[in-house]
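The sequence shown: position 147 = 156 (the numbering used here), numbered continuously.
Don't be surprised by glycine CBs; every beta carbon is placed ideally from N, CA and C.
Predicted model only: the values in this text are computed from it and were never measured.
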Amino acid sequence: MGAHESMEHAEHAEHAGSSNKKIALLIALIALCLAFSETLGKGAQTESIAKNVEASNLWAFFQAKTIRRTTVQAAAEHLKIASASLPDDAAKAVAAKQIDDWQKAGARYRSEPETGEGSEQLAIRAKKAEHDRDLFMAKYHHYEVASAAFQIGIVLASATIITGMIVLAWVSGVLAIAGLGFMAIGLFAPHAIHLF
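In structure tokens:
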């Protein structure tokens with residue numbers, strides 16, 4: 010190998026080394042973005058599961074309150090009918106007090122704003138939990154798409170080092186930008202694009 014060829018080989022190696030450093034930096038930046046999207050995605054997924062459990066618990070509590078209300082209302086109606094045939098005024102007074110107590114309990118089971126545990130308040134809370142669950146699930150889906158874009162971008166950037174095809178690095182950069190876009194949608198407007 011002559012001096013001229015050796016010099017050209019050294020320049021080519023230096024250029025390839027500089028190019029590889031740039032690709033390595035691109036991979037590192039995309040990997041950083043991937044770490045953020047995975048962390049945000051896992052947080053959104055966990056919150057979605059928690060809100061789903063909360064909604065399920067609230068709906069179960071709602072059903073229990075509804076059953077209790079129905080039971081006391083039925084008992085009050087039954088006693089009202091039965092008390093009409095009572096011969097004694099004292100017994101009718103006791104029955105009337107019991108009917109009144111059951112009707113008050115039924116009203117309390119329907120609405121109890123001071124505790125937030127009436128069936129009306131429970132339904133509102135359960136619907137809010139469902140809304141929050143859906144919001145976090147939408148965020149999660151966008152973060153997952155972002156993560157996929159970042160992962161494919163890393164693979165393509167790595168392939169650039171092996172193949173020397175710079176077009177793969179450009180595609181990798183475009184995928185990274187798309188991933189950042191999906192992360193932003195997940196953060197700021199998760200219902201803007203419906204994915205699943």
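Less than 8 Å separating the beta-carbons of residue i and residue j?
i: I161; j: T169; result: no
i: I186; j: A40; result: no
i: I36; j: A155; result: no
i: G127; j: R119; result: yes
i: F145; j: A53; result: yes
i: L95; j: A105; result: no
Within its chain, find whatever has a CB closer than 6 Å to the CB of residue i; leave out the 5 residues flanking it on each side and keep chain order.
i: L189; result: none
i: A158; result: L184, A187, G188
i: F191; result: H151, V154, A155
i: E63; result: A138
i: G125; result: none
Note down, in chain order, each residue of its chain lying with its Cβ closer than 7 Å to the Cβ of residue i, except the 5 sequence neighbours on either side.
i: A84; result: W111
i: A22; result: At A22 the pLDDT is 48, less than 50, meaning the model places this residue with poor confidence; the figure from the coordinates comes in the next sentence. Contacts found: none.
i: A147; result: P199, H200
Residue i to residue j, Cα distance in whole Å?
i: F71; j: P122; result: 14 Å
i: S65; j: L131; result: 11 Å
i: I108; j: K101; result: 10 Å
i: G177; j: A44; result: What sits at residue 177 in the sequence shown is Leu, not Gly. Using only the alpha carbons, I get a separation of about 22 Å.
i: H203; j: D143; result: 11 Å
i: K31; j: C42; result: 17 Å
i: L67; j: K89; result: 33 Å
i: G115; j: P199; result: 41 Å
i: A59; j: G173; result: 47 Å
i: F197; j: H87; result: 56 Å
i: A19; j: A33; result: Note that A19 has pLDDT 45, beneath the 50 cutoff, so the model's placement of it is unreliable and the number below is only indicative. If I take the Cα positions, the gap works out to 20 Å.
i: T79; j: G50; result: 43 Å
Since residue i and residue j should fall inside the 8 Å C-beta cutoff, what is the C-beta to C-beta distance between them, to a whole number of angstroms?
i: G195; j: H140; result: Going by Cβ atoms, the distance from G195 to H140 rounds to 17 Å, so no, they are not a contact pair.
i: S57; j: Y149; result: 6 Å
So what's residue i in DSSP terms, helix, strand or just coil?
i: A19; result: Only weak support is given to the placement of A19: the predicted model assigns it a pLDDT of 45, under 50, and the question is left unresolved by the model.
i: E56; result: helix
i: I163; result: helix
i: H203; result: coil
i: D143; result: helix
i: E123; result: coil
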